[in-house]
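Notes follow the structure.
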Amino acid sequence: MLCPMPSVRKVVFLVPDIRNPAHKGGIQMFNNYVLRALKDLGVDVTVIGVNDRPVDAEPGLIGCNRGGRIRKVLAACHLLRQVMLGKPDLVLCGHLNFTPLCARICGLFKVPFITITHGIELWDAAPAKVQAAGHSHRILAVSRYTKSLNLELLGDYSPDHVLVFHNTFDEERFSPSSPSDSIRPALGIEPGHKVVLTVGRLASTERLKGYEEGIRAMARVCEQIPEARYVLAGKGDYMDQLREVGDQCGLGDRLIMPGFIAEDDIVPLFNACDLFILPSRKEGFGIVFLEAMGCGKPVIGGNRDGSMDPLCDGTLGTAVDPEDVDELTAAILAHLRGDVPPERSDPVTLRNETIDRFGFDRFRDRLAEVLSTI
230 MLCPMPSVRK VVFLVPDIRN PAHKGGIQMF NNYVLRALKD LGVDVTVIGV NDRPVDAEPG
290 LIGCNRGGRI RKVLAACHLL RQVMLGKPDL VLCGHLNFTP LCARICGLFK VPFITITHGI
350 ELWDAAPAKV QAAGHSHRIL AVSRYTKSLN LELLGDYSPD HVLVFHNTFD EERFSPSSPS
410 DSIRPALGIE PGHKVVLTVG RLASTERLKG YEEGIRAMAR VCEQIPEARY VLAGKGDYMD
470 QLREVGDQCG LGDRLIMPGF IAEDDIVPLF NACDLFILPS RKEGFGIVFL EAMGCGKPVI
530 GGNRDGSMDP LCDGTLGTAV DPEDVDELTA AILAHLRGDV PPERSDPVTL RNETIDRFGF
590 DRFRDRLAEV LSTI
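Structure follows, in structure tokens:
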């Protein structure tokens with residue numbers, strides 16, 4: 230399907246960062262997909278990266294991070310200059326934190342701006358930022374859950390102007406392959422083991438990701454399937470407490486916590502597992518679900534947050550009450566025993582459906598639709 234050509238031809242994209250490796254994460258990844266899509270659409274785009282350093286700069290990217298608070302002042306100056314002299318058709322505000330700045334400058338020069346929202350930044354949003362977001366021409370929300378958070382905060386803002394704009398993933402990179410010869414032995418995984426995987430930042434601020442519920446459920450799973458193993462990958466200040474939970478539950482050495490996973494090992498890790506789980510309660514979207522399903526792996530997620538969008542309300546992935554360990558246990562057992570319909574378990578079906586619904590082409594075409602309304 231040919232995407233509509235956007236009426237917007239020149240954009241200033243104000244983001245936390247695009248290139249700085251110290252800030253690598255889901256939002257940076259999303260920003261890069263947006264930038265790639267804009268370029269594919271032939272849009273002239275200038276990026277202002279608040280946390281990007283001069284060393285990260287490249288043609289079209291202005292890095293503002295010179296240490297301390299000066300980066301915010303520099304970002305404001307660059308935005309003012311780009312809007313005043315560059316005369317863009319649109320400013321894309323890549324984070325709620327920047328809405329007061331965008332509202333002031335774009336309002337002064339009568340340039341429309343669109344705010345992108347992910348979820349976590351809306352939980353305890355400052356009233357001034359929410360009020361400024363209310364001046365956005367449109368608000369993009371990465372999931373229906375994030376849209377609902379926006380509407381709760383914004384009150385009289387038109388629901389029609391909050392657009393669900395799903396995340397995407399690198400479908401060429403996250404693809405099925407035979408497990409690496411080294412990844413399974415390195416994790417202590419033997420032939421015949423059933424591997425359940427969770428990948429995330431194991432920080433105490435991320436308790437709502439459902440890591441403890443996953444451990445408790447896997448302890449019960451291992452009572453019935455002794456060859457099951459739970460790989461909980463990532464690092465953070467929550468690791469020791471999670472290990473204690475595993476010991477208390479009797480999971481023992483069936484809980485494998487390898488810590489930080491190098492970039493080159495992420496895809497082999499997905500391909501080494503039989504099932505991916507993330508029973509979160511406040512996930513904005515959950516790009517890891519797309520990455521797992523892109524590798525042909527079945528997934529289980531929570532049914533209360535943005536996870537329901539990549540899970541397609543339980544038709545593509547299995548949705549459970551994230552606080553019900555019994556329900557999570559039953560879902561894991563069903564997957565490991567092969568008692569799940571092929572639309573939620575067949576590797577080829579999972580990959581094809583994920584690309585069809587969330588692939589980059591769909592992402593780019595959706596962005597074109599948004600831009601054509603400006």
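According to the working numbering, the sequence shown is numbered sequentially starting from 230.
Note that the Cβ used here is the ideal one computed from N, Cα and C, for glycine as well.
Query	Result
Burial state of residue 460, where buried means 16 or more other Cβ atoms lie within 10 Å	buried
Status (buried if at least 16 other CB within 10 Å, exposed otherwise) for residue 339	exposed
C-beta contact flag for residue 592 and residue 370 at 8 Å	no
DSSP-derived helix/strand/coil call for residue 545	coil
Contacting residues, own chain, Cβ-Cβ under 7 Å from residue 378 (five flanking each side not counted)	348 and 351
Coil, strand or helix - residue 440 by DSSP	helix
Residue 237 versus 304, 361 and 317, residue with shortest Cα-Cα distance	317
At least 3 beta-carbon pairs within less than 8 Å: the region 389-402 vs the region 576-589	yes
Candidates 262, 576 and 242: closest to residue 595 by CA position	262
Spatial neighbours of residue 535 in its chain, beta-carbon cut-off 7 Å, leaving aside the 5 residues before and after	348, 371, 372, 374, 375, 512, 513, 514 and 515
Cβ contact check for the region 470-479 and the region 495-504: 3 or more pairs under 8 Å	no
Length of the line joining the Cα atoms of residue 203 and residue 420	Nothing about residue 203 can be reported from this structure: the residues present for the chain run from 230 to 603 only.
Segment contact flag, the region 239-248 with the region 283-303, C-beta cutoff 8 Å, min 3 pairs	yes
Close beta carbons around residue 520, own chain, < 6 Å, minus the five adjacent residues each side	398 and 403
Secondary structure of residue 502, DSSP reduced to three states	coil
Residue 561 classed as buried or exposed, judged by whether at least 16 other C-beta atoms fall within 10 angstroms	buried
Extent of the continuous alpha helix (DSSP H) to which residue 374 belongs	373-383
CB contact flag (residue 509, residue 488, <8 Å)	no
Simplified DSSP state of residue 593, which is helix, strand or coil	helix
Contiguous beta strand (DSSP E) assignments of at least 3 residues, all confined to the region 235-284	239-244 and 273-278
Which of helix, strand or coil DSSP assigns to residue 457	strand
The region 331-338 touching the region 305-317, judged by at least three CB pairs closer than 8 Å	yes
Spatially closest choice to residue 395 from 578, 239 and 541, by CA coordinates	541
Inter-residue Cα distance where the pair is residue 187 and residue 284	The question about residue 187 has no answer here: the residues shown for the chain are numbered 230 through 603.
Residue 462 burial status per 10 Å Cβ neighbour count (16 or more: buried)	buried
Identity of the residue in 524, 473 and 469 nearest residue 496 by Cα	524
Buried versus exposed call for residue 572 [16 or more other C-beta atoms within 10 Å across all chains shown]	exposed
Stretch pair the region 319-328 + the region 359-370: three plus CB contacts closer than 8 Å	yes
Buried or exposed by the 16-neighbour rule on C-beta atoms within 10 Å, applied to residue 481	exposed
Simplified DSSP state of residue 339, which is helix, strand or coil	coil
Span of the alpha helix (DSSP H), counted from its first residue to its last, around residue 301	299-315
Where residue 418 falls: helix, strand or coil (DSSP)	coil
DSSP-derived helix/strand/coil call for residue 573	helix
One or two residues paired with residue 367 in a DSSP bridge	343
Coarse secondary structure for residue 485, derived from DSSP in three states	strand
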